[in-house]
Amino acid sequence: MKTYKALIMLFIFTFFLIGCSTDSNDIGPNIKGEVVQIEGDRFLVVDKERPEIRKVWFTTDEIYTVRVGLTVSVWASEITAVPNEKGFGEGIAEKIIIE
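Under the numbering used here, think of the first position of the sequence shown as 10, with each following residue one higher.
Structure, rendered in structure tokens:
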């Protein structure tokens, strides 16, 4: 009986580890577009696929890798609308991939 319990626990533990090892790269970016402006530690990305928020200001520590005219994919935990500015949003870039 103890052998069965040990096997079941090992089986459950194995599935737990497999579930926890899922890579976040499988989840697509929040926005993909062209960098049109850089100001200090933030950059403006224009995305033509998002009808509600087309221009998003992202803040990042990796500003040295971003240049105007580049196409980038940006992952952010949250993109919020900028008050009183229609079509603009802002967020903190967690991951940036230059296309």
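Backbone N, C-alpha and C fix where the C-beta goes; we use that ideal spot for every residue, glycine too.
- Look at Lys14 here: in three-state DSSP terms it is helix.
- The C-alpha of Asp56 lies about 49 angstroms from the C-alpha of Ile17.
- Where Lys41 is concerned, the enclosing beta strand (DSSP E) starts and stops at Ile40 to Glu48.
- Put simply, the backbone Cα of Phe97 is about 19 angstroms away from that of Gly78.
- Bounds of the beta strand (DSSP E) holding Thr80 are Thr80 to Ala90.
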